[in-house]
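Trainee:
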Amino acid sequence: MIRKNLATVFVLLSVALSVTANPPAIIASNAQSQPIISKQGMVVAQDAIAAKVGAKILAQGGNAIDAAVATGFALAVTLPQAGNIGGGGFMMVYLADKDKTIAIDYRETAPETAYRDLFLNPDGKVNNSIARFSHRSAGVPGTVAGMVLALENYGTMSLKQVIQPAIELADKGFIVDYPLTESLQDRSERLAQNPASAKYFFNPDGSTLKAGDKWQQKDLAKSLKLIAKHGKEGFYTGTTADKIVAEMKAGDGLITHTDLASYKAVEREAVTGTYNGYEIASMPPPSSGGVHLIQMLNILEAWDLPALGHNSAAYIHRLSETMRRAYADRAEHLGDPDHVPVPTQRLINKDYASYLRDSISLTKATASADYGSTLEDFKESTQTTHYSVWDKQGNVVSNTYTLNFSYGSGISVSGAGFLLNNEMDDFSAKPGSPNGYGLLGNEKNAIAGTKRPLSSMTPTIIFKDGKPVLVTGSPGGSTIITTVLQTVLNHLTFDMNIAQATAQPKFHHQWYPDAIGLEPGFSKDTTAILKSMGHKLSERNRVWGKSQSISAKDDLLFGSTDTRWTGGGAISVESVK
Ligand code: GLY
Numbered sequence: 007m008i009r010k011n012l013a014t015v016f017v018l019l020s021v022a023l024s025v026t027a028n029p030p031a032i033i034a035s036n037a038q039s040q041p042i043i044s045k046q047g048m049v050v051a052q053d054a055i056a057a058k059v060g061a062k063i064l065a066q067g068g069n070a071i072d073a074a075v076a077t078g079f080a081l082a083v084t085l086p087q088a089g090n091i092g093g094g095g096f097m098m099v100y101l102a103d104k105d106k107t108i109a110i111d112y113r114e115t116a117p118e119t120a121y122r123d124l125f126l127n128p129d130g131k132v133n134n135s136i137a138r139f140s141h142r143s144a145g146v147p148g149t150v151a152g153m154v155l156a157l158e159n160y161g162t163m164s165l166k167q168v169i170q171p172a173i174e175l176a177d178k179g180f181i182v183d184y185p186l187t188e189s190l191q192d193r194s195e196r197l198a199q200n201p202a203s204a205k206y207f208f209n210p211d212g213s214t215l216k217a218g219d220k221w222q223q224k225d226l227a228k229s230l231k232l233i234a235k236h237g238k239e240g241f242y243t244g245t246t247a248d249k250i251v252a253e254m255k256a257g258d259g260l261i262t263h264t265d266l267a268s269y270k271a272v273e274r275e276a277v278t279g280t281y282n283g284y285e286i287a288s289m290p291p292p293s294s295g296g297v298h299l300i301q302m303l304n305i306l307e308a309w310d311l312p313a314l315g316h317n318s319a320a321y322i323h324r325l326s327e328t329m330r331r332a333y334a335d336r337a338e339h340l341g342d343p344d345h346v347p348v349p350t351q352r353l354i355n356k357d358y359a360s361y362l363r364d365s366i367s368l369t370k371a372t373a374s375a376d377y378g379s380t381l382e383d384f385k386e387s388t389q390t391t392h393y394s395v396w397d398k399q400g401n402v403v404s405n406t407y408t409l410n411f412s413y414g415s416g417i418s419v420s421g422a423g424f425l426l427n428n429e430m431d432d433f434s435a436k437p438g439s440p441n442g443y444g445l446l447g448n449e450k451n452a453i454a455g456t457k458r459p460l461s462s463m464t465p466t467i468i469f470k471d472g473k474p475v476l477v478t479g480s481p482g483g484s485t486i487i488t489t490v491l492q493t494v495l496n497h498l499t500f501d502m503n504i505a506q507a508t509a510q511p512k513f514h515h516q517w518y519p520d521a522i523g524l525e526p527g528f529s530k531d532t533t534a535i536l537k538s539m540g541h542k543l544s545e546r547n548r549v550w551g552k553s554q555s556i557s558a559k560d561d562l563l564f565g566s567t568d569t570r571w572t573g574g575g576a577i578s579v580e581s582v583k
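So for the sequence shown, our numbering puts the first residue at 7; every next one is plus one.
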């Protein structure tokens, strides 16, 4: 079991939440907004230009997978803080004609020569700078392999067709908008430190790109063209691979030609559960997202949550205690299932949920210092981005991918035009030492060659009577799982439309730090009651959730980006025809 000093982890929660969030301080306060409605299909993404690329592919007759791959490549150009070809992620696909759900894992892997103590100084302390901002922070990128696998197995269009819009955006350029300016400014210091990033993310005179400027990314366009021409091999072998390896050699990184050539995206069985008559399908390990979303819904379904009142102190208390227990299990039991045993079925067992529910006092906070994972006691009786796609045949895609922090490590591959991820920090560098999101882990998530670091990404599809009714997911590092949880509860249990569900202020507990993080929008009397119950609070002046969702009802689709942030888009097929 893992314990951690409280003061350190409070600071880390601040770091964790700020690395994924670059927006202005927008006050959420129960924002009400309307979803975009469509009959013919829709793409919802954090960047409207990329969502439009996907919607146009649907309008041209492509299916949801074609549109998802096109959107993924377009985001690599228009949303450089998270969209990527140098990172990795997870894609959930539902095929309507086969009534089949597939989970595609294209998470980065540790280079073969990575080892357990890679980020420890000689004194045994974790070197966070190397773990987060060096060439060694990079895992072997998985995005290109994941997109190609999805398209080859489930798409209908050629790679050339779906990647062409991204090539044009990179080659001819696009007009920088305000959210991109702001996010670039937020990371300008880090990006300026790396010569390739300084060349790619600033004007030639060194000034920051401003809203209204035209931004061309010629080297990225060349890398995308190589993928269009040669498929996966156009990234993992040949010119681009040579550039990645040269970059590693120049910066003492570990990724080799062999690491790149042997990288594989894999299909996994979705983790599934039920919640009050709905069926949930989400991402299994090496993401912790699906397991803990289902575990928390299992704990919560026995309670009459609407009777407590949405975002009342009683509601926040019960959810926070539920989150505390789920994240304690996460730290203890989750890792890459190809390397360590992960007790997925035990963690999502309804009897275990009931055992955990019984351990929750309805009036008093548990101290995390007195609580650790109880799975063994129970005897069985930053920056990430998400987009959702739905086509008119009923196929659905839920995709979350990332560079980890906003702009990853800030290091670009010189000559290839893209940023490297810093996903190696999602490993547990040392048991008991928190990562960039303040998350703890143990040996199960220790660094090892070819292993995938544990993730919180939670791309999810929810069904009623076998038909999809909601597709959702969010960025936000460790807060992803609890953002998705609350979006699901707001929509399914509190009957809010998807735009309202998305725009509500959210809260988060992750066991350590032992504090409830609160987005803006909670009343002072609510926070006073929570304090009187023994909760420590970490009130944030920024929104961290940014879910991108589509719901379905009466043969209509209802889409919503998180309107508390600018730049996103829910783009219907009707609007691009
Ligand atoms: N890099 C954030 C996550 O995968 O959870």
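C-beta atoms are modelled at their ideal positions from N, C-alpha and C, and glycine is treated no differently.
Within the continuous beta strand (DSSP E) that includes Phe241, where are the two ends?
Mentor: Numbered from 1 along the sequence shown, position 235 holds the residue referred to as residue 241. Looking at the DSSP string, Phe241 is not in any beta strand (DSSP E); the run it does join, the alpha helix (DSSP H), is 239-242.
Trainee: Starting from Thr264, follow the alpha helix (DSSP H) in both directions and report where the run begins and ends.
Mentor: Here the question's residue 264 lines up with position 258 in the sequence shown. Residues 263-267.
Trainee: Taking all protein chains shown into account, decide if Asp53 is buried (16 or more other Cβ within 10 angstroms of its Cβ) or exposed.
Mentor: Your numbering for residue 53 matches position 47 in the sequence shown. Buried, by the Cβ-count rule.
Trainee: Specify the secondary structure class of Ile366 as computed by DSSP and reduced to three states.
Mentor: The residue given as residue 366 occupies position 360 in the sequence shown. Coil, per DSSP.
Trainee: Given that a residue counts as buried once 16 or more other Cβ atoms are within 10 Å of its Cβ, and exposed if not, what is Asp431?
Mentor: Working through the sequence shown from its first residue, we reach residue 431 at position 425. Buried, by the Cβ-count rule.
Trainee: Rounded to whole angstroms, what is the Cα-Cα separation between Phe96 and Leu260?
Mentor: In the sequence shown, counting from the first residue as 1, residue 96 sits at position 90. In the sequence shown, counting from the first residue as 1, residue 260 sits at position 254. So the two alpha carbons sit approximately 24 Å from each other.
Trainee: Please name the residue, chosen from Lys450, Ala217, Leu476, Pro210, that lies closest to Pro619 on a Cα-to-Cα basis.
Mentor: As shown, the chain starts at 7 and ends at 583. That puts residue 619 outside it, with no answer to give.
Trainee: Could you tell me the distance, in whole angstroms, from the CA atom of Val15 to the CA atom of Val582?
Mentor: Within the sequence shown, residue 15 is the residue found at index 9, counting from 1. Within the sequence shown, residue 582 is the residue found at index 576, counting from 1. Because Val15 sits at a pLDDT of 34, beneath the cut-off of 50, its placement in the model cannot be relied upon, and the point is left open.
Trainee: Pull up the DSSP beta-bridge partners for Asp501, would you.
Mentor: Residue numbering aside, residue 501 sits at position 495 when the sequence shown is read from its first letter. None, per the DSSP bridge assignment.
Trainee: Would the beta-carbon of Ser461 be found less than 6 Å away from any heavy atom of the ligand GLY?
Mentor: As a working mapping, residue 461 is identified with position 455 in the sequence shown. Yes, the ligand GLY has a heavy atom inside 6 Å of this Cβ.
Trainee: Under 7 Å, do Asp335 and Ser379 count as touching if we go by C-beta distance?
Mentor: The sequence position of residue 335 within the sequence shown is 329, counting from 1. The sequence position of residue 379 within the sequence shown is 373, counting from 1. Yes, Cβ-Cβ distance for Asp335 and Ser379 is below 7 Å.
Trainee: Taking DSSP as the reference, what is the three-state secondary structure of Asp568?
Mentor: The residue given as residue 568 occupies position 562 in the sequence shown. In the structure shown, Asp568 sits in coil (DSSP, three-state: anything other than H, G, I, E or B).
Trainee: What residues in its chain sit with their C-beta under 7 Å from that of Ala271, if we drop five residues either side in the sequence?
Mentor: Residue mapping note: residue 271 aligns to position 265 of the sequence shown, counting from 1. Taken in chain order, the residues that qualify are Ile110, Asp111, Tyr112, Gly148, Ala151, Gly152, Leu155.
Trainee: For Lys578, collect the residues of the same chain with a Cβ closer than 8 Å to its Cβ; drop the 5 residues on either side in sequence, then sort them by chain order.
Mentor: Taking the first residue of the sequence shown as position 1, residue 578 is located at position 572. Looking at the sequence shown, residue 578 is not Lys but Ser. Cβ within range, chain order: Ile42, Ile43, Ser44, Gln46, Gly47, Met48, Ala61, Leu563, Gly565.
Trainee: Just tell me which of Glu429, Leu362, Gly444 has its CA closest to the CA of Ala137.
Mentor: Counted from its first residue, the sequence shown places residue 137 at position 131. It is Glu429 whose Cα lies nearest to the Cα of Ala137.
Trainee: Only counting runs of 4 or more residues, tell me where the alpha helix (DSSP H) segments fall wholly within the region 396-439, in order along the chain.
Mentor: none
Trainee: Are the region 304-311 and the region 506-518 touching by the rule of at least three beta carbon pairs closer than 8 Å?
Mentor: no
Trainee: Any chance the CB of Asp335 is under 6 Å from a heavy atom of the ligand GLY?
Mentor: In the sequence shown, counting from the first residue as 1, residue 335 sits at position 329. Checking the Cβ of Asp335 against the ligand GLY gives no.
Trainee: What separation, rounded to the nearest whole angstrom, lies between the Cα atoms of Phe241 and Ile522?
Mentor: On the sequence shown, residue 241 is found 235 positions in, with the first residue counted as 1. On the sequence shown, residue 522 is found 516 positions in, with the first residue counted as 1. Spanning the alpha carbons of Phe241 and Ile522 requires a straight line of approximately 42 Å.
Trainee: May I ask whether a heavy atom of the ligand GLY can be found less than 6 Å away from the beta carbon of Asn410?
Mentor: Counting from one through the sequence shown, the residue named residue 410 turns up at place 404. Correct: Asn410 has its Cβ closer than 6 Å to the ligand GLY.
Trainee: Since Phe96 is in the beta strand (DSSP E), which residue starts that stretch and which ends it?
Mentor: Position 90 of the sequence shown holds residue 96. Run containing Phe96: 94-101, per the beta strand (DSSP E) assignment.
Trainee: If I measure Cβ to Cβ from Gly416 and keep anything under 7 Å in the same chain, skipping five residues before and after, which residues do I get?
Mentor: What you label residue 416 is simply residue 410 of the sequence shown in a count that begins at 1. Correct list, in chain order: Phe139, Arg193, Arg196, Leu197, Gln199, Asn200, Ser203.
Trainee: What does the alpha-carbon distance come out to for the pair Phe384 and Tyr358?
Mentor: Start at 1 with the first residue of the sequence shown, and residue 384 comes out as number 378. Start at 1 with the first residue of the sequence shown, and residue 358 comes out as number 352. Going from the Cα of Phe384 to the Cα of Tyr358 covers about 7 Å.
Trainee: Exposed or buried, what is Asn410 when buried is set at 16 or more other beta-carbons lying within 10 Å of its beta-carbon?
Mentor: Taking the first residue of the sequence shown as position 1, residue 410 is located at position 404. Only buried fits Asn410, as 16 or more other CB atoms lie within 10 angstroms of its CB.
Trainee: Which runs of the beta strand (DSSP E) fall wholly inside the region 180-238 and span at least 3 residues, in chain order?
Mentor: none
Trainee: Restricting to Cα atoms, I'd like to know which of Pro349, Lys398, Met329, Gln66 is closest to Ile365.
Mentor: By 1-based counting over the sequence shown, the position of residue 365 is 359. Reading off the sequence, residue 365 comes out as Ser, not Ile. Ranking Pro349, Lys398, Met329, Gln66 by Cα distance to Ser365 puts Met329 first.
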